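> Protein chains in written order, with the working numbering: chain Y, 1 to 337; chain L, 338 to 674. Just so it is clear, CB atoms sit at the ideal spot from N, CA and C, and this is done for glycine as well. Source: prediction; values computed, not measured. Before I ask anything, here is the structure I am working with.
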């Protein structure tokens with residue numbers, strides 16, 4: 001089932017791209033009449049020789065919009081009195097980030113309703129968002145210099161959200177990021193040693209760490225979870241990225257993921273701060289090794305207490321998790337209505 | 338110059354080790370008469386096959402002491418009315434952590450003065466602390482199952498400090514942590530390609546990123562800093578760990594580091610939250626490759642604003658830094674009195 005009725009491309013006042021993805025019959029004749037300053041220089045990429053990693057130096061981000069009140073939200077549709085980033089009403093809208101961390105960064109607005117959250121979207125809208133992410137993955141994959149596409153949502157001021165309007169982000173990395181590189185190396189070693197896919201084996205062995213499952217998808221807490229609450233959501237077959245999901249897989253994601261988000265918010269009877277991102281194959285390498293999965297994790301370890309990345313995690317990369325993964329899985333299962 | 342006059346080992350009520358390191362003539366006849374519960378089981382180590390990393394599952398840490406008021410501080414010396422972790426007055430005291438993340442974790446109290454901070458210690462005390470860290474590095478290196486010793490300080494509730502009393506921590510990792518492993522691999526490649534030590538080359542090329550320097554030590558912002566304010570402090574010659582520092586190197590560290598901490602606190606006219614840790618060689622491997630250095634970094638990116646590790650950093654390992662390293666170095670240099 002296809003949820004997007006219409007896809008409309010537009011340009012913003014400073015030349016950035018804006019794309020509307022409509023479920024409803026909406027008219028897009030709005031025009032971005034703002035006087036915007038020229039777009040900032042692209043961030044500088046520096047190679048850290050010690051860790052063999054690329055660091056983006058994005059000084060122009062220091063001036064980015066920081067927790068504006070609702071009546072100054074730049075992600076709400078424009079009104080006659082106030083021009084925002086988006087001229088017209090919309091269902092889902094994607095535009096190039098004005099303060100990019102990498103040469104191509106996009107913002108995806110899940111709804112024009114400022115007060116909503118991902119957890120309150122309708123199943124149809126969730127499926128639409130997934131179609132949009134697949135569209136952006138395909139588009140960014142065709143761009144020069146994009147090596148990997150990462151679609152993610154940061155939720156909650158506790159993890160640094162600077163805009164309350166429900167939105168996600170899409171990064172087109174000009175390199176294959178460290179986690180992907182590491183996971184693909186381990187996957188290659190496992191394949192050579194066993195003939196099997198590593199992630200598929202981990203999924204098959206999830207056992208009492210499975211929290212939700214349907215015919216097409218499984219949500220489970222990883223065996224060596226590094227966050228107090230961490231869940232993988234993966235298709236039951238190996239796929240490289242979101243563009244490979246079938247319609248039925250995409251449609252079956254919506255109810256499962258909404259169920260999961262509802263449980264997470266009930267864990268502490270409060271909106272759970274989380275990071276949720278889709279791990280996809282690199283654009284031009286190792287597409288046969290990668291296994292598409294969503295990774296969602298929270299820094300909340302107890303009511304009123306957060307997990308901080310202090311010395312061991314931030315300086316050494318060695319994680320300490322205060323919650324036993326099997327117990328986290330049980331808590332999430334028990335948080336069903 | 339040796340700063341420790343006396344080293345006194347003691348046992349705590351539940352069998353944990355406690356060591357006093359005194360500059361003054363202090364008497365240690367205090368006895369830990371508390372009724373303490375049995376020590377919790379050692380944390381479980383789980384291997385994350387996807388990232389080839391060891392995760393410590395330390396569920397008993399959930400009940401650890403959390404931001405107690407000053408009159409209930411467990412790191413102050415005991416009084417007739419209240420037994421703390423430390424029976425006697427002390428200059429510097431080290432004891433085994435009651436809530437360890439790894440089989441051997443220690444707490445090092447820099448002073449018995451609850452209201453102090455590292456930045457307010459005397460130069461003599463800083464040198465004493467460095468001697469203590471060398472002592473602990475030597476001791477833990479001799480223990481079965483300790484592969485690497487990491488000495489660090491977390492400062493500020495913004496990065497998750499749960500006790501205000503000025504203290505650091507010492508972890509005896511049962512494995513070589515990810516950052517060390519990665520850095521040593523890059524160092525080996527550089528040595529094979531050039532015949533030179535990688536860190537020594539980075540130090541030699543620090544140029545306008547040097548913030549402080551004396552005959553024995555250099556403090557500089559790394560070229561590809563991943564944090565808004567990040568400084569390496571390293572001896573001017575290659576050493577594997579703190580036990581190899583000469584007396585004169587140790588003594589020259591104190592004024593330089595105190596100068597640095599003072600500048601950092603003046604950046605935003607407020608105590609800067611930071612993580613500061615000593616990167617040392619593994620206990621039994623690659624001691625000829627490693628180059629001892631302290632890494633200090635802050636998550637403060639501007640007055641009232643913190644750098645959060647959101648989707649890109651936490652899920653992908655790809656860092657975005659909002660401050661240009663050369664500008665950070667200039668700001669720190671300008672923050673001299």
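Can you have a look at residue 29 (chain Y) and say buried or exposed, based on whether 16 or more other CB atoms are within 10 angstroms of its CB?
Position 29 of the first chain, counted from the start, is the residue given in the question as residue 29 (chain Y). The residue in question, residue 29 (chain Y), is exposed, as its Cβ has fewer than 16 Cβ neighbours within 10 Å.
> Between residue 299 (chain Y) and the ligand HEM, is the CB less than 7 angstroms from at least one heavy atom?
In the structure on display, the ligand HEM does not appear, and there are no ligands present to speak of.
> Looking only at its chain, what residues have a beta carbon closer than 7 angstroms to the beta carbon of residue 160 (chain Y), apart from the 5 residues adjacent to it on each side?
Mapped onto the first chain, residue 160 (chain Y) falls at position 160. So the list reads 154, once near-sequence residues are dropped.
> So what's residue 550 (chain L) in DSSP terms, helix, strand or just coil?
For the purposes of this step, residue 550 (chain L) is identified with residue 213 of the second chain, where counting begins at 1. Strand.
> Using 8 angstroms as the Cβ pair cut-off and three pairs as the minimum, do the stretch 220-229 of chain Y and the stretch 182-196 of chain Y touch?
The answer is no - the stretch 182-196 of chain Y does not touch the stretch 220-229 of chain Y, with fewer than three Cβ pairs under 8 angstroms.
> Nearest-angstrom Cα distance between residue 531 (chain L) and residue 541 (chain L)?
Position 194 of the second chain, counting from 1, holds the residue named residue 531 (chain L). Position 204 of the second chain, counting from 1, holds the residue named residue 541 (chain L). For residue 531 (chain L) and residue 541 (chain L), the distance between alpha carbons rounds to 15 angstroms.
> Leaving out five residues on either side along the sequence, give the residues of the same chain with a beta carbon under 6 angstroms from the beta carbon of residue 7 (chain Y).
Translated into positions along the first chain, residue 7 (chain Y) becomes position 7. Around residue 7 (chain Y): 21.
> CB-CB under 8 angstroms to residue 259 (chain Y), same chain, minus the five flanking residues each way: which ones, in chain order?
One-based indexing of the first chain puts residue 259 (chain Y) at position 259. Around residue 259 (chain Y): 212, 336.
> Using a beta-carbon distance below 8 angstroms, is residue 332 (chain Y) in contact with chain L?
Reading the first chain from its first residue, position 332 is the one you call residue 332 (chain Y). So, not an interface residue.
> Which first and last residues belong to the beta strand (DSSP E) in which residue 393 (chain L) is found?
Position 56 of the second chain, counting from 1, holds the residue named residue 393 (chain L). 390-394 is the span of the beta strand (DSSP E), which, as asked, contains residue 393 (chain L).
> Which residues mark the beginning and the end of the beta strand (DSSP E) in which residue 614 (chain L) is found?
Walking along the second chain from the start, residue 614 (chain L) turns up at place 277. Counting along the chain, the beta strand (DSSP E) containing residue 614 (chain L) begins and ends at 611-616.
> Would you tell me roughly how many angstroms separate the C-alpha atoms of residue 458 (chain L) and residue 179 (chain Y), rounded to the nearest one?
Numbered from its first residue, the second chain carries residue 458 (chain L) at position 121. Numbered from its first residue, the first chain carries residue 179 (chain Y) at position 179. Roughly 40 angstroms between the two C-alpha positions.
> Can you tell me which residues form a DSSP beta bridge with residue 461 (chain L)?
On the second chain, residue 461 (chain L) is found 124 positions in, with the first residue counted as 1. Paired residues: none, contrary to the question.
> In this structure, does DSSP put residue 635 (chain L) in helix, strand or coil?
The residue labelled residue 635 (chain L) in the question sits at position 298 within the second chain. It is a strand residue.
> With a threshold of 8 angstroms, are at least 3 pairs of Cβ atoms found where one atom belongs to the stretch 660-673 of chain L and the other to the stretch 47-63 of chain Y?
The stretch 660-673 of chain L is in contact with the stretch 47-63 of chain Y.
> Just by C-beta distance, which residues in the stretch 172-201 of chain Y are closer than 9 angstroms to chain L?
Within the stretch 172-201 of chain Y, the qualifying residues are 173, 175, 177, 178, 179, 180, 181, 182, 183, 185, 186, 187, 189, 190, 198, 199, 201.
> Residue 242 (chain Y) and residue 280 (chain Y) look like a contact to me (Cβ under 8 angstroms); what is the Cβ gap, rounded to whole Å?
As a position in the first chain, residue 242 (chain Y) is number 242, starting the count at 1. As a position in the first chain, residue 280 (chain Y) is number 280, starting the count at 1. That pair is a contact at about 6 angstroms.
> Return the chain-ordered ranges of every beta strand (DSSP E) run that is complete within the stretch 31-113 of chain Y and spans a minimum of 3 residues.
Here the runs fully enclosed are 44-48, 53-57, 92-96, 104-109.
> If the cut is a Cβ gap below 7 angstroms, which residues of chain Y does residue 502 (chain L) touch?
If you number the second chain from 1, residue 502 (chain L) lands on position 165. By Cβ distance, chain Y contributes nothing, its closest Cβ being about 16 angstroms from residue 502 (chain L), past 7 angstroms.
> For residue 316 (chain Y), which residues in chain L fall below 9 angstroms Cβ to Cβ?
Here residue 316 (chain Y) refers to the residue found at position 316 when the first chain is read from its first residue. What residue 316 (chain Y) touches in chain L: 485, 487, 489, 508, 510, 514, 515, 516, 517, 614, 616.
> Apply the 10 Å Cβ neighbour rule to residue 644 (chain L) and answer buried if 16 or more other Cβ atoms are within range, or exposed otherwise.
On the second chain, residue 644 (chain L) is found 307 positions in, with the first residue counted as 1. It counts as buried.
> Thinking C-alpha only, which one of L:666, L:648, L:670 is nearest residue 149 (chain Y)?
Taking the first chain and counting its residues from 1, one reaches residue 149 (chain Y) at position 149. Of the candidates L:666, L:648, L:670, the one whose C-alpha sits nearest the C-alpha of residue 149 (chain Y) is L:648.
> Between the stretch 278-296 of chain Y and the stretch 229-240 of chain Y, are three or more C-beta pairs nearer than 8 angstroms?
Cβ pair count under 8 angstroms is three or more, so yes.
> Using beta-carbon positions only, say whether residue 318 (chain Y) and residue 514 (chain L) come within less than 8 angstroms of one another.
In the first chain, counting from the first residue as 1, residue 318 (chain Y) sits at position 318. In the second chain, counting from the first residue as 1, residue 514 (chain L) sits at position 177. Against a cut-off of 8 angstroms, the Cβ pair of residue 514 (chain L) and residue 318 (chain Y) comes out as a contact.
> How many Å lie between residue 608 (chain L) and residue 135 (chain Y) at the Cα?
Against the second chain, residue 608 (chain L) aligns to sequence position 271. Against the first chain, residue 135 (chain Y) aligns to sequence position 135. Cα to Cα, the separation comes out at about 46 angstroms.
> By the DSSP assignment, the beta strand (DSSP E) with residue 323 (chain L) in it spans what residues?
Absent from the structure is residue 323 (chain L), since the part of chain L shown begins at 338 and ends at 674.
> By alpha-carbon positions, which one of Y:41, Y:37, Y:93 ends up nearest to residue 18 (chain Y)?
What you label residue 18 (chain Y) is simply residue 18 of the first chain in a count that begins at 1. The residue with the shortest Cα to Cα distance from residue 18 (chain Y) is Y:93.
> With three or more beta-carbon pairs closer than 8 angstroms as the criterion, would you say the stretch 284-293 of chain Y touches the stretch 236-254 of chain Y?
Verdict: yes, contact present.
> Near residue 467 (chain L), what residues of its chain come up, given a Cβ to Cβ distance below 8 angstroms and the 5 sequence neighbours on each side ignored?
Walking along the second chain from the start, residue 467 (chain L) turns up at place 130. For residue 467 (chain L), where only same-chain residues beyond five positions count, the Cβ hits under 8 angstroms are 579, 582, 587, 590, 591.
> Can you tell me the Cα-Cα spacing of residue 151 (chain Y) and residue 463 (chain L), whole angstroms?
If you number the first chain from 1, residue 151 (chain Y) lands on position 151. If you number the second chain from 1, residue 463 (chain L) lands on position 126. Spanning the two alpha carbons is a distance of roughly 46 angstroms.
> Do residue 108 (chain Y) and residue 170 (chain Y) have their beta-carbon atoms positioned less than 8 angstroms apart in this structure?
Residue mapping note: residue 170 (chain Y) aligns to position 170 of the first chain, counting from 1. Residue mapping note: residue 108 (chain Y) aligns to position 108 of the first chain, counting from 1. Yes, Cβ-Cβ distance for residue 170 (chain Y) and residue 108 (chain Y) is below 8 angstroms.
> Mind checking who residue 148 (chain Y) pairs with in its DSSP beta bridge?
In the first chain, counting from the first residue as 1, residue 148 (chain Y) sits at position 148. BP columns for residue 148 (chain Y) point to Y:173.
> Which class does residue 563 (chain L) belong to by DSSP, given the choice of helix, strand or coil?
One-based indexing of the second chain puts residue 563 (chain L) at position 226. Reduced to three states, the DSSP call for residue 563 (chain L) is coil.
> The stretch 419-439 of chain L: which residues have C-beta closer than 7 angstroms to a C-beta of chain Y, in chain order?
Cβ contacts with chain Y: 438.
> For residue 643 (chain L), write down the residues that DSSP places opposite it in a beta bridge.
For this step, residue 643 (chain L) is matched to residue 306 along the second chain. Answer by DSSP bridge pairing, in chain order: L:637.
> Comparing C-alpha positions only, which one of Y:78, Y:201, Y:214 sits nearest to residue 223 (chain Y)?
The sequence position of residue 223 (chain Y) within the first chain is 223, counting from 1. Among Y:78, Y:201, Y:214, the Cα nearest to that of residue 223 (chain Y) belongs to Y:201.
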